[in-house]
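Residue numbers (our numbering): 1 to 146. Just so it is clear, CB atoms sit at the ideal spot from N, CA and C, and this is done for glycine as well. All of these numbers come straight from a predicted model, not from anything done at the bench.
Here it is in structure tokens:
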């Protein structure tokens, strides 16, 4: 009996450490999104709305015709979102893991399996922000010297 409890506890910890939750085993429906830049987003990253995990990133592919990342999300069937919802890539904390945030729209029709979220916002890459800041400061210094 103790061995069985120990094995179950170990399995539970392994699932938590592997960033899996019980929602992984719930029924899901796929939704497709497209981004110009996904930053460090990874497969199995969480999909959240209002801070609650509502799905996971199922796959990431590259569309070589439109030069965009095609991200397929497995959304938990318990959570339905309007068709005009938006998706953006966010970061947990300053340097944390990236995830997809869903903001619900106001449409009366909900997303169905295979639908696409058309309103997206790409990842904000910290290195790009720093280089833009430094470039603007260098330009300011150059302007004041003249």
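TODO: Could you check if residue 96 is buried or exposed, using at least 16 other CB atoms within 10 Å of its CB as the buried criterion?
DONE: Your numbering for residue 96 matches position 96 in the chain shown. Exposed, since its Cβ has fewer than 16 Cβ neighbours within 10 Å.
Task: Cβ shell of residue 121 (< 6 Å), same chain only, five flanking positions each side left out - done: Along the chain shown, read from residue 1 onward, the residue named residue 121 stands at position 121. Closer than 6 Å at the Cβ level, and outside the excluded window around residue 121, lie 88.
Open item on the list: Using C-beta distances below 7 Å, list every residue in its chain close to residue 54, excluding the 5 sequence neighbours before and after it, in chain order.
Closed with: Numbered from 1 along the chain shown, position 54 holds the residue referred to as residue 54. So the qualifying residues of the chain are 47, 48, 75, 76, 79 and 102.
Open item on the list: If you reduce the DSSP assignment to three classes, tell me which class residue 98 lands in.
Closed with: Residue numbering aside, residue 98 sits at position 98 when the chain shown is read from its first letter. Looking at residue 98 - three-state DSSP - the assignment turns out to be strand.
Open item on the list: For residue 56 and residue 73, I'd like the C-alpha separation in whole angstroms.
Closed with: The count along the chain shown starts at 1 and reaches residue 56 at position 56. The count along the chain shown starts at 1 and reaches residue 73 at position 73. Each residue's Cα considered, the two are about 6 Å apart.
TODO: Would you mind sorting residue 111 into buried or exposed? The rule is 16 or more other CB atoms within 10 Å of its CB.
DONE: On the chain shown, position 111 is the one that residue 111 refers to. Buried.
Task: Residue ranges of each beta strand (DSSP E) within the stretch 53–87, 3 or longer - done: 68–76
- [ ] Quick one: grab the DSSP three-state call for residue 23.
- [x] Against the chain shown, residue 23 aligns to sequence position 23. Note on residue 23: pLDDT 48, under 50, position unreliable in the model; the coordinate value appears next. Looking at residue 23 - three-state DSSP - the assignment turns out to be helix.
Open item on the list: Counting C-beta neighbours from all protein chains within 10 Å, is the total for residue 148 16 or more, i.e. buried, or is it exposed?
Closed with: In the structure as shown, the chain begins at 1 and stops at 146. Residue 148 is therefore absent and cannot be evaluated.
Task: Counterpart residues of residue 35 in DSSP-defined beta bridges - done: Looking up residue 35 in the chain shown gives position 35. Residue 35 pairs with 69.
Task: Which of helix, strand or coil DSSP assigns to residue 119 - done: Translated into positions along the chain shown, residue 119 becomes position 119. Here residue 119 sits in strand by DSSP.
Task: Proximity to residue 69 [Cα-Cα], best of 40, 1, 86 and 82 - done: On the chain shown, position 69 is the one that residue 69 refers to. Among 40, 1, 86 and 82, the Cα nearest to that of residue 69 is on 40.
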